[in-house]
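Trainee: In the working numbering, the protein residues as written are 7 to 154.
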Amino acid sequence: MLNRVMIIGRLGADPELRYTQSGQPVCSLRIATDESYTDKDGNRVDRTEWHSVVAFGKTADHCNQFLHKGSLVYVEGKLSTRKWQDQNGHDRYTTEIRAERVQFLDRKENGPQKPAQRKERGYRTTNEECPDLGPVYPSEPLDMNIPF
7 MLNRVMIIGR LGADPELRYT QSGQPVCSLR IATDESYTDK DGNRVDRTEW HSVVAFGKTA
67 DHCNQFLHKG SLVYVEGKLS TRKWQDQNGH DRYTTEIRAE RVQFLDRKEN GPQKPAQRKE
127 RGYRTTNEEC PDLGPVYPSE PLDMNIPF
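1) What would DSSP say about residue 52, mapped onto helix, strand or coil?
2) Run through the region 70-96 for me and flag every whole beta strand (DSSP E) of 3 or more residues, listed as ranges in chain order.
3) Name the DSSP bridge partner or partners of residue 58?
4) What did DSSP end up calling residue 110 once you bin it into helix, strand or coil?
5) Hey, residue 17 and residue 75: beta-carbon distance below 7 Å or not?
6) Tell me the DSSP secondary structure of residue 65 in three-state form.
7) What does DSSP give as the partner residues of residue 18 in its beta bridges?
8) Could you tell me if residue 83 is buried or exposed, where buried requires 16 or more neighbouring beta carbons within 10 angstroms of its beta carbon?
Below, the structure is given as structure tokens:
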């Protein structure tokens, strides 16, 4: 049997770091992937799919330290469904990607990656410093505005 997931997408929110009872770091990520196609009437249709991703250990720490809303990432892992109970005692299920590998695809910088940390330490945060390299994948708009 094979259970393998590979996605490239952008974070829709800053990573959320928490710890298990044993002290192991766990980082939750919300990642958006998109696709576009032309329907039978000739209209362009854009579709976004949201993925819940969970990373553990050092990977979780690194994700929390270097990623932020809008970061471009490659995630490789497996699908996992877990069962939990809501406040009313009803069984609920969550399917998420358990990350085995997270690769940061944004341009490397010297220093901290989170926007607030860059401002605190005097790093430039405008797009003036970065050349326009075009879209990361074909369906991404050229202006790189993130809708979330």
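For every residue, glycine included, the Cβ atom is placed at its ideal position computed from N, Cα and C.
Everything numeric in this text was worked out from a predicted model, so none of it was measured.
Mentor: In short:
1) strand
2) 78-91
3) 36
4) strand
5) yes
6) helix
7) According to DSSP, residue 18 bridges with nothing at all.
8) buried
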